[in-house]
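Structure first, then comments.
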Amino acid sequence: MKQLLSRKLRLFITCLTLSVSSFYAQAKDELTLRYTANAGVIIASGPSRVLVDTFFSRTFGRFHALDREGHKRIYSQQIPLALATHIHGDHFTSGPVIGYLNSNPSTTFAGSEQVVTQLRGKVKDKQLVSAKLGPAEKMSFEKNGMTVSMLNMPHGDGQFATIQNYAQYIDINGWKVLHVGDAAIDLDNTAKLGFDELQIDVAIVPYWYLFTEGGKEQMELIGADNWVFVHMPEEDIDRFDQALKKKRSDAETLSLKNKTVKYSREI
Ligand SMILES: [Zn+2]
Ligand SMILES: [Zn+2]
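If you read the sequence shown in our numbering, its first letter stands for residue 42, the second for the next number, and so on.
Have a look at this one:
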C-alpha cells in the first residue's frame, strides 16, 4: 500500500513538473505587444519587458498621450529597459523619463543622441546608452539577456532633416521585434541597413507606410513576418483601422481601439 501510494505520488509529481515546465515553455514562447499611447508599446515575452516610445506628453492636437494615471500605471512596473526612437514630443518627453529612471536605478535607457542629451546630468550616466550614428549606421548593446540594435533611419527632409530617428530592434526571448519610430520612406538608406540578416518577426511601423509612395517597397526591404501599425490620429482611429485592414488584412493595429497583440509559436 505504501509503495502504491508513493508510486502515485511520484506520478503526480511527474505530471505536475511536466505541466509547470510546459506552462513556462508556453509563457517563454509568447510575445505580447501592449499599446500605451500613440506609437508607445510595451514589448513582453517570458520574464523580459521593454518600453518603446512610452514616456511623452505632447499630442500636437491629434495623437493620444498618456494622462497622469496612465504614466502612473507604467511607473508601478519595474521594467529594465526603456527606449525612445526620437526627440519629438509625441514619442519622448524628458520629465517622465527622468522620473522613471530615478525611481528605477537599474533601468537602462537608450535612444538617439538628441534624446539622451536631454537626460545627461539628471539620471545616472550608467543608465544611458547612445551613439552618434551616420547614415545607415547601427550600434548594438545587451541588457538582461536582450540584444538591442539602434538603426539610423532618418525622419525625413526639410523641418525633419535634423531629427535623429533611431529604429529600435530588440531580440527579446528569441523574438525579433523592430520599432521604426517615425522613420521616413528612404529606400536607399533602408536597403543599406541589412534587414535580411535581422529576420524580423514583428515590425511596428506608422500607419502612413500603407498610404505613402514607397511605403510598400520600404516594408519589403524590412521584410518582417508580421506587421503592426501605430501612430493613428485619435479622432480618426476607426477610419484608419478599417482602411488599414482593407489594405493589409494580415496586419494588426495597436491603438486605443486595439490595445494588445499577441503572437505565439511552437518551440
Ligand atoms: Zn517624429
Ligand atoms: Zn510621431
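Note that CB positions come from ideal geometry on N, CA and C, so glycine has one too.
A quick note: this is a predicted structure, and the numbers were derived from the prediction, not measured.
Exercise for the section: Taking Ala208 and Ala224 to be in contact with their CB atoms under 8 Å, please state how far apart those CB atoms are, rounded to whole angstroms. Expected result: Numbered from 1 along the sequence shown, position 167 holds the residue referred to as residue 208. Numbered from 1 along the sequence shown, position 183 holds the residue referred to as residue 224. Confirmed, Cβ separation roughly 6 Å.
Practice task
Run the CB neighbour count on Arg90, radius 10 Å, all protein chains shown included, and call it buried at 16 or more, exposed below.
Solution key: As a working note, residue 90 is residue 49 in the sequence shown. Buried.
Practice task
Taking only the alpha-carbon atoms, compute the straight-line gap between Met187 and Gly235 and give it to the nearest angstrom.
Solution key: Indexing the sequence shown from 1 puts residue 187 at position 146. Indexing the sequence shown from 1 puts residue 235 at position 194. Cα atoms of Met187 and Gly235: separation of roughly 20 Å, rounded to the nearest angstrom.
Practice task
Find out if the Cβ-Cβ distance for the pair Ser135, Leu160 is shorter than 8 Å.
Solution key: Counting from one through the sequence shown, the residue named residue 135 turns up at place 94. Counting from one through the sequence shown, the residue named residue 160 turns up at place 119. Against a cut-off of 8 Å, the Cβ pair of Leu160 and Ser135 comes out as a contact.
Problem - Close-in-space but distant-in-sequence residues of the same chain around Tyr250 (CB under 7 Å, 5 per side omitted) - result: By 1-based counting over the sequence shown, the position of residue 250 is 209. The answer, listed in chain order, is Gly256, Gln259 and Met260.
Problem - Presumed contact (8 Å Cβ cut-off) between Val246 and Trp268, rounded CB distance - result: Reading the sequence shown from its first residue, position 205 is the one you call residue 246. Reading the sequence shown from its first residue, position 227 is the one you call residue 268. About 7 Å separates the beta carbon of Val246 from that of Trp268, a gap short enough to meet the 8 Å contact definition.
Exercise for the section: Please state if the CB of Met194 and the CB of Asn206 are separated by a distance shorter than 8 Å. Expected result: One-based indexing of the sequence shown puts residue 206 at position 165. One-based indexing of the sequence shown puts residue 194 at position 153. Between Asn206 and Met194, the gap from beta carbon to beta carbon is short of 8 Å.
Problem - Candidates Lys179, Met180, Tyr116 and Leu192: closest to Ile139 by CA position - result: Taking the sequence shown and counting its residues from 1, one reaches residue 139 at position 98. Nearest C-alpha to Ile139: Tyr116.
Handout entry: Around ligand 1, Cβ to any heavy atom closer than 5 Å, ordered along the chain
Key = Working through the chain, the matches are His129 and Asp223.
Problem - Under the three-state DSSP convention, the category Glu238 falls into - result: The count along the sequence shown starts at 1 and reaches residue 238 at position 197. Three-state DSSP puts Glu238 in a helix.
Practice task
With a threshold of 16 other CB atoms inside 10 Å of the CB of Lys287, please say whether the residue is buried or exposed.
Solution key: Your numbering for residue 287 matches position 246 in the sequence shown. Exposed.
Exercise for the section: Look at Lys217 and Leu192 and say whether their C-beta atoms are less than 8 Å apart. Expected result: Here residue 217 corresponds to residue number 176 of the sequence shown, with the count starting at 1. Here residue 192 corresponds to residue number 151 of the sequence shown, with the count starting at 1. The answer is no: Cβ separation not under 8 Å.
Problem - Ranges of the alpha helix (DSSP H) found wholly within the region 165 to 251, counting only runs of at least 4 - result: The qualifying runs are 228 to 233 and 236 to 239.
Practice task
Would you mind sorting Leu228 into buried or exposed? The rule is 16 or more other CB atoms within 10 Å of its CB.
Solution key: As a first step, residue 228 is located in the sequence shown; it is residue number 187 there, counting from the start. Exposed.
Exercise for the section: Classify Thr253 as buried or exposed, calling it buried when 16 or more other Cβ atoms lie within 10 Å of its own Cβ. Expected result: The residue given as residue 253 occupies position 212 in the sequence shown. By the 10 Å Cβ count, Thr253 comes out exposed.
Problem - Proximity below 8 Å, CB of Ala123 to CB of Thr77 - result: As a position in the sequence shown, residue 123 is number 82, starting the count at 1. As a position in the sequence shown, residue 77 is number 36, starting the count at 1. Not a contact, by the Cβ cut-off of 8 Å.
Handout entry: Contained beta strand (DSSP E) runs [length at least 3] in the region 79 to 167, N- to C-terminal order
Key = Complete beta strand (DSSP E) runs here, min 3: 82 to 86, 89 to 93, 122 to 125 and 149 to 152.
Exercise for the section: Kindly examine ligand 4 and report whether one of its heavy atoms sits closer than 7 Å to the Cβ of His132. Expected result: Looking at this structure, you won't find ligand 4 anywhere; what it does contain is ligand 1 and ligand 2.
Handout entry: Arg30 to Leu142 span [Cα, whole Å]
Key = A query on residue 30 cannot be resolved here, the shown segment of the chain reaching from 42 to 308 and no further.
Problem - Assigned exposure category for Thr203 - 16 Cβ within 10 Å defines buried - result: Numbered from 1 along the sequence shown, position 162 holds the residue referred to as residue 203. Exposed, since its Cβ has fewer than 16 Cβ neighbours within 10 Å.
Exercise for the section: Within its chain, find whatever has a CB closer than 8 Å to the CB of Tyr248; leave out the 5 residues flanking it on each side and keep chain order. Expected result: Locating residue 248 in the sequence shown gives position 207, counting from the first residue. Result list for Tyr248: Phe270, Val271, His272, Met273, Phe281, Leu285 and Thr294, in chain order.
Exercise for the section: For Arg103, I'd like the list of residues in its chain whose CB is within less than 8 Å of its CB, leaving aside the five on either flank, ordered along the chain. Expected result: Here residue 103 corresponds to residue number 62 of the sequence shown, with the count starting at 1. If we look at Arg103 and ignore the five residues flanking it on each side, its Cβ neighbours are Pro274, Glu275 and Glu276.
Exercise for the section: Check whether the Cβ of His105 sits closer than 7 Å to any heavy atom of ligand 2, and report yes or no. Expected result: Reading the sequence shown from its first residue, position 64 is the one you call residue 105. His105 has its CB no nearer than 7 Å to any heavy atom of ligand 2.
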